[in-house]
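Counting in my numbering, the sequence shown runs from 26 upward without gaps.
Where a beta carbon is used, it is the ideal one built from N, C-alpha and C, also for glycine.
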Amino acid sequence: APVRDDYRPRVHFAPARNWMNDPNGLVFHRGVYHLFYQHNPSAPVWGNMSWGHATSPDLHTWTEQPVAIPCTEHEAIFSGSVVADPGNTAGFADGAAPGSDGEEVIPLVAVYTSAYSEGADRPGTQAQSLAYSLDDGATWTKHAGNPVLDRGSANFRDPKVFRYAGPAGEYWVMAVVEAEEHRVLFYASDNLTEWRYLSDFGPAGAMGGVWECPDLFELPVEGVPGETRWVLIVSLNPGGVAGGSGTQYFVGEFDGVRFRAEDAAPAAPVAADGPAQGAVGLRALDWLDWGRDYYAAVSFSGVEDRRVMLGWMSNWDYAAATPTAAADSGAAGAVPGGWRSAMSLPREVSLHRAGGRHVLAQRPLLPEDRGPVRGAAALPAGASRSLPAGRTRVARVPRGEAFRVRLALPAGSPACTLRLVTGEDEGALLRVDPDAGMLTLDRTGSGLTDFHGLFASVEAAPLPGAEEGVRLDVIVDACSIEAFAQDGLVALTDLVFPRGTETVLELEAEAPFALAELEVTLLG
Ligand code: FRU
26 APVRDDYRPR
36 VHFAPARNWM
46 NDPNGLVFHR
56 GVYHLFYQHN
66 PSAPVWGNMS
76 WGHATSPDLH
86 TWTEQPVAIP
96 CTEHEAIFSG
106 SVVADPGNTA
116 GFADGAAPGS
126 DGEEVIPLVA
136 VYTSAYSEGA
146 DRPGTQAQSL
156 AYSLDDGATW
166 TKHAGNPVLD
176 RGSANFRDPK
186 VFRYAGPAGE
196 YWVMAVVEAE
206 EHRVLFYASD
216 NLTEWRYLSD
226 FGPAGAMGGV
236 WECPDLFELP
246 VEGVPGETRW
256 VLIVSLNPGG
266 VAGGSGTQYF
276 VGEFDGVRFR
286 AEDAAPAAPV
296 AADGPAQGAV
306 GLRALDWLDW
316 GRDYYAAVSF
326 SGVEDRRVML
336 GWMSNWDYAA
346 ATPTAAADSG
356 AAGAVPGGWR
366 SAMSLPREVS
376 LHRAGGRHVL
386 AQRPLLPEDR
396 GPVRGAAALP
406 AGASRSLPAG
416 RTRVARVPRG
426 EAFRVRLALP
436 AGSPACTLRL
446 VTGEDEGALL
456 RVDPDAGMLT
466 LDRTGSGLTD
476 FHGLFASVEA
486 APLPGAEEGV
496 RLDVIVDACS
506 IEAFAQDGLV
516 ALTDLVFPRG
526 TETVLELEAE
536 APFALAELEV
546 TLLG
């Protein structure tokens, strides 16, 4: 049955129809960003796992392409990565004539998990396989020698491959998980087809569920010329900091063989698998995101000068129940069958020294800024404006617009709530409490919440350095809120499904307070 499409994002990628989960094979190649993704081409629920495909010149305008790697009867195509192989190390370009444009062929190689079902040679196992493209990602061929790495395991998945070049030599490295054992395994290869075991990392950090979708990359330490560290990303489901699925990270050294985390401090503990409802485990900053909806985040390969990540903006707790694919026949703007899930905005990550540790900061890469919302109370950076106690309306944004709110509070401010009001008694509440050093997002009254018992929730995140002031950068799209605080040291992403036809932005505090910056702009 057709459904209303009110929740289709304006500045985030979502498939035209049917199911999507993890980003896969993120690669920048010959001027084009490729986003592959876990996709069910025939229903808005998980199943028939195949790699969907979208391309973009700028990470914001995406064009959906035909399914890149389809599942077969006994093989599902699970998560993985793509690398360009300009040296033809795998030999996939042997004998290939130059492309129609006369350009030399550079093979793209997808490394993915084959999840074999009953009827396959290896029923019930997960092993790593290859597919390649000789036409810059348009069409894909499975490697005849698949799988290329098989340990007879039922939970061996999500290979992330990168080119290592360092003191130990130059070769391909694969990070891949033994999901149930909380281990990331590292392998090396000279040709992408034969892999030798290097080492493994874990158990460590948060282990309330299975480990999935690892990534490993090197970053410069900001402000310390010549110094770098390696970052190991590990997604976790369930057991994430806000309940359900979440993404943690470790910082350390990688010598080409072994990853060593430099910080013995445990990741923020999460006891039960439920939404964090208070100041639990807010000591460490080892979560990429403190919200409910940022999972399976991995980085692009082929981007030289910066590290850009993208995550799936949902949570395994309720992903299959979100109200973008329910029947609501005959409505205007209807999409037969609907779609499920969007990706986060791309985020540039950087590494900083803070509180005696190395921590990641994230900066959303923003789509076109269409200027201030008309009639919004704006305040340039550095200016100051006093607001009375109680609620002050600062802007009004019609439905269907994506927008950004930037806000700064000086040192000594009282607790203050940014209210995203979408109806009578309906809204999402983003609260900053400088004294407690906490940021919370309450979506219990944000609109449609009862489609799943685990959806209504309140998320909490630390606000490091809040005593010196608070800076918020919030991006709101049709069904999502991505909040970045303290220049990206903290990120918090949540889905919301408002019923109302506009968003009224209000600021609320118990005492009069001063704003140091306020800007509301339209995006996309
Ligand atoms: C993570 C995940 C991966 C797996 C894929 C299957 O969300 O469970 O571990 O490869 O989804 O769709």
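Secondary structure of residue 484, DSSP reduced to three states
strand
**Asked** Can at least three beta-carbon pairs, one atom from the region 93 to 103 and one from the region 370 to 385, be found at a separation below 8 Å?
**Response** no
Discussion item. Using CA atoms only, rank isn't needed, just tell me which of 199, 89, 227 and 177 is closest to residue 183.
Written reply: 199
Rounded separation between residue 176 and residue 152 - CA only: 7 Å
| said: Going by DSSP in three states, residue 408 sits in which element: helix, strand or coil? | reply: coil
Could you pull out every residue in the same chain whose Cβ sits closer than 6 Å to the Cβ of residue 215, ignoring the five residues on either side in sequence? 196
For a minimum of 4 consecutive residues, which ranges assigned as the alpha helix (DSSP H) are wholly contained in the region 379 to 428? none
Counting along the chain, where does the beta strand (DSSP E) carrying residue 43 start and finish? 43 to 54
Consider the C-beta atom of residue 74 and the heavy atoms of the ligand FRU; say whether any pair is separated by less than 8 Å. yes
Q: Flag this pair as touching only if the region 167 to 176 and the region 144 to 158 have three or more C-beta atom pairs under 8 Å; answer yes or no.
A: yes
_residue 548 and residue 421 - do their beta-carbons sit closer together than 9 Å?_
no
- What do you reckon, is the C-beta of residue 71 under 8 Å from a heavy atom of the ligand FRU? yes
By Cβ distance, which residues of its chain are closer than 7 Å to residue 449, with the 5 residues on each side in sequence left out? none
- Task: Identify the continuous beta strand (DSSP E) that holds residue 117 and give its terminal residues.
- Result: That residue, residue 117, is in no beta strand (DSSP E); it is neither H nor E in DSSP.
Q: Tell whether a beta-carbon distance below 9 Å holds between residue 135 and residue 61.
A: yes
By a C-beta neighbour count over all protein chains shown, 10 Å radius and 16 as the cutoff for buried, is residue 242 buried or exposed? buried
If you check the beta carbons only, do residue 268 and residue 471 fall under 9 Å apart? no
ask   = Where residue 321 and residue 251 are concerned, what is the direct C-alpha to C-alpha distance, given to the nearest angstrom?
value = 30 Å
I need the DSSP call for residue 135, collapsed to helix, strand or coil. strand
Roughly how many angstroms lie between the CA atoms of residue 393 and residue 82, to the nearest whole one? 13 Å
4 or more residues per run - each alpha helix (DSSP H) lying fully within the region 427 to 470: none
Practice prompt. Use the C-beta contact count for residue 355: other C-beta atoms within 10 angstroms, 16 or more gives buried, fewer gives exposed.
Written response: Residue placement at residue 355 cannot be trusted, given a pLDDT of 44 that sits under 50; what the coordinates show is reported in the next sentence. It counts as exposed.
### Query
If you draw a straight line from the alpha carbon of residue 204 to that of residue 180, how long is it in whole angstroms?
5 Å
ask   = With residue 453 and residue 37 assumed to form a contact (beta carbons below 8 Å), what rounded beta-carbon distance in angstroms separates them?
value = With 8 Å as the limit, residue 453 and residue 37 do not qualify as a contact, their Cβ atoms being about 17 Å apart.
List in chain order: all unbroken beta strand (DSSP E) runs of 3+ residues lying wholly within the region 494 to 519.
-> 494 to 502 and 505 to 510
- Query: Does the separation of the CB atoms of residue 42 and residue 364 fall below 9 Å?
  - Reply: yes
| message | Just to check my reading of the structure: residue 84 and residue 313 have Cβ atoms closer than 8 Å, yes? What is that Cβ distance to the nearest angstrom? | response | The pair is not a contact, with the Cβ atoms about 18 Å apart (cut-off 8 Å).
Task: Coarse secondary structure for residue 373, derived from DSSP in three states - done: strand
ask   = Which two residues bound the contiguous beta strand (DSSP E) that contains residue 203?
value = 194 to 203
Top-ranked residue by Cα proximity to residue 44, from 32, 50, 67 and 117
67
| said: With H, G and I counted as helix, E and B as strand and the rest as coil, what does DSSP make of residue 527? | reply: strand
Review point. How is residue 535 classed by DSSP in three states: helix, strand or coil?
Key: coil
For a test of the three-state rule: what should DSSP assign to residue 237, helix, strand or coil? strand
Q) Taking the C-alpha atoms as reference points, what is the distance between residue 126 and residue 362? A) 39 Å
Checklist line | Delimiting residues of the beta strand (DSSP E) encompassing residue 65 | finding: 57 to 65
Worksheet item: Buried or exposed: which applies to residue 138, given that a residue is buried once 16 or more other Cβ atoms fall within 10 Å of its Cβ?
Response: buried
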